[in-house]
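Asks:
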Amino acid sequence: MAKSKYLLTEKQITKRIKEGRGTGRVSNYKPWLYVNEVPSEGRSQRVYSHLTGRIHHVLSDLEFAVFLLLDHNPAVTDIREQFPLNRDDTLSISKENQLWHPSQGGVNLVMSSDFLVNSSSRTQSKFAIQAKYSEALKDPRTVEKLEIERRYWKLKKIPWFLVTEKEIDKVVVSNIEWLYGVKGYFDEIITDELIRLFENMKSYFGRYPDRKIVDICKEYDKAYGHDLGYSLYDLRLMCAARLITFDIRYAFHSLKAKDIAFRSVSLSEGYNYVAS
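Using the UniProt record's numbering, read the sequence shown as starting at 1 and increasing by one per residue.
Structure follows, in structure tokens:
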């Protein structure tokens, strides 16, 4: 009974199509699935992207890791998550190749790829990604779904990649867990005070480009009479909200001030970081 709210009827599928789910580009894209509409594998997230200027819906920690790698990639120009596949096409592939097609309650479901990505790369301007934990690949039905998806994108002449947790760098995962362990940061209002703190820290860190961040934070706390760890927490919050960026392939605690970038943010822009 607990899962009944996730069952889709033909009427609901039609409604999503009319809403424009799976259509649009960059800031106007509407994912086929939202985090509150499906059971997630771990921590589902709504995360803001400066690349697209909108909130993205990712349904697992693995999807989240892949999203961050894409969002940090300078060649990526658009990220469309939970991208729906044409149901007539997937049903045709299923029938022709005797593969099991996902269905619930007698309704053939609309399949989706975790990401459809556009890139400025000349060799790979568009590609699709499915992120799956390696354990899930032991399930024959999961494998059949993936085969339908693979064949679908092959027919579209668009490269398709299957990514497991084994392809994600451990340092990247560690950084992600550290950054996004700040619970509820999207629910916090970015106030005048926080923006002033951001600008103050930006100025302070700019004085010591070759010093380690953790050492500067300790000195900052002492200089301003804060408890030890105060500024590091705020820095962590700002990084999680993408007010501050850094290369997530390198352990944050080993970075120097010159390795992080403070964005130019006004109060009015700051409110865009709060999920709606």
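For every residue, glycine included, the Cβ atom is placed at its ideal position computed from N, Cα and C.
Owing to the predicted nature of the structure, the values given are computational and were not obtained by experimental measurement.
(1) Run through DSSP, which three-state label would ILE79 get?
(2) Spell out a yes or no on whether the stretch 161 to 169 and the stretch 58 to 70 are touching, meaning 3 or more CB-CB pairs, one atom from each, closer than 8 Å.
(3) List the DSSP bridge partners of PHE205.
(4) Would a C-beta distance cut-off of 8 Å place ASN108 and ARG87 closer than the cut-off?
(5) Taking Cβ positions, are ARG263 and LEU243 nearer each other than 8 Å?
(6) So, is SER121 buried or exposed, given that buried needs 16 or more other C-beta atoms within 10 angstroms?
(7) At 4 residues or longer, and completely inside the UniProt domain "TnsA endonuclease N-terminal" (73 to 165): list those alpha helix (DSSP H) runs for me, N to C.
(8) Near VAL173, what residues of its chain come up, given a Cβ to Cβ distance below 7 Å and the 5 sequence neighbours on each side ignored?
(9) Determine, using beta-carbon pairs with one atom in the stretch 126 to 146 and one in the stretch 90 to 107, whether at least three such pairs fall under 8 Å.
(10) Between which two residues does the alpha helix (DSSP H) containing TYR233 stretch?
(11) Are the CB atoms of ILE158 and ALA128 nearer to each other than 8 Å?
(12) Could you tell me which residues DSSP puts in a beta bridge with TYR48?
(13) When the Cα of LEU197 is compared with those of ASN118, THR90, LEU155 and CYS217, which residue comes out closest?
(14) What is the DSSP secondary structure of LYS30, counted as helix, strand or coil?
Replies: Concretely, from the data shown:
(1) strand
(2) yes
(3) In DSSP, PHE205 forms no bridge with anything.
(4) yes
(5) yes
(6) exposed
(7) 87 to 96 and 140 to 155
(8) ALA65
(9) Result yes; three or more Cβ-Cβ pairs closer than 8 Å.
(10) Residues 230 to 240.
(11) yes
(12) Answer is ILE55.
(13) CYS217
(14) coil
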